[in-house]
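A quick write-up on the structure given underneath.
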Amino acid sequence: MNATHIDTVLVANRGEIACRIIRTLRAAGVRSVAVYSDADADARHVREADVAVPIGAAPARESYLVAEKILDAAARSGAQAIHPGYGFLSENAEFAKACEDAGIVFIGPPASAIEIMGDKISARAAVEKRGVPTVPGISRPGLSDAELLDAAPGIGFPVLIKPSAGGGGKGMHRVERIEEMAEALTRARREAKGAFGDDTLFVEHFVDTPRHIEVQILADTHGNVIHLAERECSLQRRHQKVIEEAPSPLLDAPTRARIGQAACDAARAVNYVGAGTVEFIVPAARPGDFYFMEMNTRLQVEHPVTEEITGLDLVALQLAVARGEALPLTQDDVQLNGHAIEARIYAEDPANGFLPTGGVISRVIEPHGERVRVDSGVSDGAEVTSLYDPMLMKVIAHGADRAQAIERLDAALSNLVITGVGVNTDFNRYLLSIDEVRSGDLDTGLLDRVAGAYEPSETPTEVLGFAALELRSSTRLSERRAAWATADGWRLGASYPYKVRLADELGEHLVSVVEDPAEPGVWVTEVEGREPERIAARRDVHTSVEGSDVLVSTPGGTWLLSKRDAVRSAAQKEAGSGTTLVSPMPGTVIVHSVAEGARVEPGDAVLAVEAMKMEHVLRAEVAGTVAFSCKVGEQVPGGQVLATITPDHDPEQ
1 MNATHIDTVL VANRGEIACR IIRTLRAAGV RSVAVYSDAD ADARHVREAD VAVPIGAAPA
61 RESYLVAEKI LDAAARSGAQ AIHPGYGFLS ENAEFAKACE DAGIVFIGPP ASAIEIMGDK
121 ISARAAVEKR GVPTVPGISR PGLSDAELLD AAPGIGFPVL IKPSAGGGGK GMHRVERIEE
181 MAEALTRARR EAKGAFGDDT LFVEHFVDTP RHIEVQILAD THGNVIHLAE RECSLQRRHQ
241 KVIEEAPSPL LDAPTRARIG QAACDAARAV NYVGAGTVEF IVPAARPGDF YFMEMNTRLQ
301 VEHPVTEEIT GLDLVALQLA VARGEALPLT QDDVQLNGHA IEARIYAEDP ANGFLPTGGV
361 ISRVIEPHGE RVRVDSGVSD GAEVTSLYDP MLMKVIAHGA DRAQAIERLD AALSNLVITG
421 VGVNTDFNRY LLSIDEVRSG DLDTGLLDRV AGAYEPSETP TEVLGFAALE LRSSTRLSER
481 RAAWATADGW RLGASYPYKV RLADELGEHL VSVVEDPAEP GVWVTEVEGR EPERIAARRD
541 VHTSVEGSDV LVSTPGGTWL LSKRDAVRSA AQKEAGSGTT LVSPMPGTVI VHSVAEGARV
601 EPGDAVLAVE AMKMEHVLRA EVAGTVAFSC KVGEQVPGGQ VLATITPDHD PEQ
């Protein structure tokens, strides 16, 4: 097969994956083309690409999801190939076919493979013909709610309702009892229709204490198919992965070979080409009994952990395959080195039900360290909106073994600073401290079981003290006036406390520092509501001031504090005694669950808001009559009143 000339690649995506692909293209001497919506005109991926082409309005449905605009941008920029990244059009068979028709190389599998694997029912049938094990269940096109209800008891509860189209957990519901089945089916169909345009459902037995293990495969146009071992992705919430690692601590070498072979067989079942991931559900107590779940016909978010343990660049290999080259290695050439673990950094508030956050990022400080990698799509001044996925970056650490990798990741996260929007960095560190995580005793329900015990970490008193001292010192130096003319607490005789109000992500703190007259160089630090602490100068503590911000770095982490300026306002509370329903986050109203003027009881669903792949159902807290102040499809800010419930009057009053 003759090689295809590719010297310009359009990246049909945004954020961290666009930046990551552009990095490999630059290293390979390939010209990169970014596309951007109106909201992303000054985004990081736009600045890092060689060429950038605008493609429309901010909503993805008017820009990143419009195939015609992507193809036009490729034609105008002279791109011979399009890399779709993940999300958006990456698993759209029609787009892959449109690229082929336009004479543009789609850096991904054939449209036929995307189509088969994009439908979970056809995917299941295809891999079963190759002998790949699947979970017991019922799956065929056109199953009605009645048929699914009838089949569920025979499959055995609990069962998992799954949409045939799409992925990412959208439309998936675990059902424990037959009485819950009808409502879950209704909701699953609505979610599947809204997310994928297809409400076809099927049902599988829910595997007890399941672990989510996936295998990275590579295939070329010469018939070669290999796997690059597996990744453990069991730490997830609502089917969205949070922390991933490679290899899995569950599998031994023989099982790794078997599951890898099964993944290659699944790829061969659809004549797969390129990089892809075959996902398996694995019983924690019986890792040899793994079951095919689905195949992601694209690069995965968590691909860096595979790159770290194999030393391979998956994007570079995708490019080679797209050019028609044979894979440069065989299965025997694949060697695993150490362990790698990755944390996804989301714009969300773990202490408030993981609700999405938004706003303008005021400061980003990326961590550094031995074998630490950061894949980021944000920088200072970036705006985070509900229009796109909430993932901002990924932090990856490699170690000689799993314990070292975890320690390096935790240290890296302790030195990551993102201010202006709430992020889940501290929650990720909390997860890494859990005994089951440390020991590798994982399952897909673990995160939800431990999330309720999470409490945000306070900025240590000594850090606040060091920040106050740095501000005191910088104030005196910048004033360049007589000591008694500077309002910093200096005076002849005994020291007077220097007081300053400092803000971190949890709120404001009144901090007071005063030198101990009996021990010069030692400062007593008092923070309102805490016990005083004594601090002294340390060589391993570094501080600096930029405007009203002070940066403190210690062996325990890095903190950015603001002088007299709260960096995050308190979350808005619902008004009234349950009579007003308020949007908990910026998002889109996707459904009115009842009609205008309907009467509801406490607990009844009234409407639902969707933002960043999450649906939040607002329920009545009192019995009464509903009046809506929003329309379905309307984009609303956090805190907006969406509906009012006029309470029933007590007839005895």
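Numbering-wise (full-length UniProt numbering), the sequence shown opens with residue 1 and increments by one.
Note that CB positions come from ideal geometry on N, CA and C, so glycine has one too.
Predicted model only: the values in this text are computed from it and were never measured.
Grouping DSSP H, G and I as helix and E and B as strand, with all else coil, what is residue i?
i      : result
Gln216 : strand
Gly529 : coil
Val315 : helix
Pro249 : coil
Tyr430 : helix
Glu366 : coil
Gln80  : coil
Asn538 : Residue 538 is actually Arg in this sequence, not Asn. Of the three classes helix, strand and coil, the one that applies to Arg538 here is coil, per DSSP.
Ile17  : helix
Lys499 : strand
Phe628 : strand
Gly118 : helix
Leu149 : helix
Phe106 : strand
His616 : strand
Arg465 : Just to set this straight, residue 465 is Gly in the shown sequence, not Arg. DSSP places Gly465 in helix when its eight states are reduced to three.
Gly638 : coil
Gln236 : strand
Arg31  : strand
Ser474 : helix
His509 : strand
Val321 : helix
Ser144 : coil
Gly556 : coil
In whole angstroms, what separates the C-alpha of residue i from that of residue j?
i           : j      : result
Gly29       : Asp7   : 8 Å
Val159      : Glu279 : 18 Å
Ala79       : Ile104 : 8 Å
residue 656 : Leu431 : Outside the shown range of the chain, which is 1 to 653, sits residue 656, and nothing can be said about it.
Ser376      : Ser112 : 32 Å
Gly624      : Gly422 : 35 Å
Glu596      : Arg256 : 56 Å
Ala275      : Asp333 : 17 Å
Ile55       : Ile17  : 18 Å
Asp349      : Gly87  : 23 Å
Ala340      : Arg402 : 7 Å
Phe292      : Thr134 : 5 Å
Asp516      : Thr525 : 10 Å
Ile213      : Ile309 : 16 Å
Ile259      : Ala347 : 34 Å
Leu71       : Asp313 : 26 Å
Ala267      : Ile217 : 8 Å
Ala627      : Gly587 : 20 Å
Thr221      : Glu508 : 59 Å
Ser248      : Arg231 : 6 Å
Thr385      : Leu355 : 13 Å
Leu471      : Trp523 : 14 Å
Thr357      : Val632 : 22 Å
residue 655 : Leu416 : Residue coverage of the chain in this structure runs from 1 to 653, which leaves residue 655 outside it and unanswerable.
Ile21       : Gly521 : 51 Å
Pro532      : Ser32  : 55 Å
For the putative contact between residue i and residue j, defined by C-beta atoms under 8 Å, what is the C-beta separation to the nearest angstrom?
i      : j      : result
Gly465 : Ile535 : 5 Å
Gly169 : His239 : 2 Å
Leu317 : Leu447 : That belief does not hold up - the Cβ atoms of Leu317 and Leu447 are roughly 31 Å apart, past 8 Å.
Leu201 : Pro163 : 6 Å
Leu336 : Pro287 : In fact, because the Cβ distance is near 17 Å, the residues do not count as touching under 8 Å.
Glu342 : Val305 : 5 Å
Glu615 : Ala608 : 5 Å
| In chain order, which alpha helix (DSSP H) runs of at least 4 residues are fully inside the region 162-207? | Fully enclosed alpha helix (DSSP H) runs of no fewer than 4 residues occupy 181-196 of the region 162-207, in order along the chain.
| field | Any 3 or more C-beta pairs closer than 8 Å across the region 545-561 and the region 588-596 | value | no
| said: Check whether the region 65-81 and the region 5-21 touch, using three or more Cβ-Cβ pairs below 8 Å as the test. | reply: yes
| Ordered list of alpha helix (DSSP H) runs contained in the region 240-309, each at least 4 residues | 253-268
| request: Pair every Cβ in the region 444-460 with every Cβ in the region 213-232, then say whether three or more of these pairs are closer than 8 Å. | output: With fewer than three CB-CB distances shorter than 8 Å, the region 444-460 does not count as touching the region 213-232.
| said: Within 8 Å, do at least three Cβ pairs link the region 32-41 to the region 51-68? | reply: yes
| message | Count Cβ pairs between the region 137-153 and the region 162-182 that sit closer than 8 Å; are there 3 or more? | response | yes
| message | Taking contact to mean 3 or more Cβ pairs, one atom from each stretch, closer than 8 Å, check whether the region 61-71 and the region 91-109 are in contact. | response | yes
| field | Every unbroken alpha helix (DSSP H) inside the region 382-421 [4 residues or more] | value | 402-414
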